[in-house]
Amino acid sequence: MGQLDGKVAIVTGSASGIGREIALLYAQEGAKVVIADLMLPAAQATAAEFTAAGHTALAVEMNVVDEAAVEAGVAKVMASYGRIDILVSNAGIQIVHPIVDFPFADWKKLLAIHLDGAFLTTKACLKHMYAAGGGSVIYMGSVHSKEASVLKAPYVTAKHGLIGLCKVVAKEGAAHNVRANVICPGFVRTPLVEKQIPEQARTLGISEAEVVKNVMLKDTVDGEFTTVQDVAQAALFFAAAKTNAMTGQSLVVSHGWFMQ
Ligand code: NAD
């Protein structure tokens, strides 16, 4: 018996990184998983791998900032599986610059992917969760939902914003048995982070090793990266929770970088 038997889960940005691992763990726990990503070939490759391993997975092309694409993707899931029990709003990007040099277009692009994406996918899925009488919405926040770092103005702003959206969904969703929570990981070595290491080294004028040791992992209790598996376990905890006690919360998974 899997913890998510009979459930349908949409994970955005799950062709790669953290989202992919969450979708895999959900599939291993019996869920039908939807690999919703901007990159359709990568999403198809991930879904094909899961299917070959005996799981049920569907690849859906979805640019989370495009309302029509989100609505069409969710309609495809309803046509294929007939229900949506879990939404993990995970798609995200990172762009680093000091504020004085931050291109306005990049500020807007980052806020849109994280915040518009979370709003549009939530809006599209909630009506099906309400109609079915329940569901679980999980946002991929960050330690940057609680803390700030230099060079990351729009990212820190967006990740703090997701906590506000989560709290509203928790309040509005309560009457419909819908819970909403945020996961706040520390640094995880995915493509998103691999790209930042040389960028931050250049901007800060330090070596890549120093970026890892003295910037990314400086405040952890043990100098360790968080792993995709660590984050997936937190996502399973929120998705599989049996009561509505666990709603409106944010859980930090960061080797003690941020303690609350
Ligand atoms: P990643 O780059 O490995 O994966 C991101 C995925 O999102 C990719 O598959 C990409 O195609 C997809 N994507 C990007 N823009 C999209 C869009 N407009 N519509 C749909 N899909 C889109 O990154 P990751 O590290 O796995 O990050 C996933 C989430 O975790 C992000 O929200 C990120 O901010 C958050 N996060 C990451 C870390 C970390 O250290 N890696 C830490 C905390 C939070």
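Heads up: the sequence shown begins at 1180 in my numbering, then just goes up one per residue.
Ideal placement from N, C-alpha and C gives every residue a C-beta, glycine not left out.
>> Let's see if you can read the secondary structure: which residues bound the alpha helix (DSSP H) around residue 1206?
In response: 1196–1207
> Thinking C-alpha only, which one of 1215, 1321, 1280 is nearest residue 1300?
Replying inline: 1215
>> Cutting at 6 angstroms between CB atoms, please list the residues of its own chain near residue 1335, excluding the five before and the five after it.
In response: 1323, 1327
> If we call anything under 9 angstroms between Cβ atoms a contact, is residue 1278 one with residue 1187?
Replying inline: no
>> By the three-class DSSP mapping on this structure, what secondary structure does residue 1274 have?
In response: coil
> Should residue 1345 and residue 1429 be called a contact, given that it needs their Cβ atoms to be closer than 9 angstroms?
Replying inline: yes
> Going by the C-beta, is residue 1242 closer than 8 angstroms to any heavy atom of ligand 1?
Replying inline: yes
> Can you tell me whether DSSP reads residue 1180 as helix, strand or coil?
Replying inline: coil
> At what residue ranges does the region 1282–1355 contain a whole run of the beta strand (DSSP E), taking only runs of 3 or more?
Replying inline: 1314–1319
>> Measuring straight from C-alpha to C-alpha, what distance separates residue 1439 and residue 1258?
In response: 42 angstroms
> Could you check where the alpha helix (DSSP H) with residue 1381 kicks off and where it finishes?
Replying inline: 1370–1383
> Counting pairs of beta carbons, one from the region 1235–1248 and one from the region 1215–1224, are three or more of them closer than 8 angstroms?
Replying inline: yes
>> Can you tell me whether residue 1355 sits near ligand 1, meaning its C-beta is under 8 angstroms from at least one heavy atom of the ligand?
In response: no
> residue 1428 bridges to which residues according to DSSP?
Replying inline: 1360
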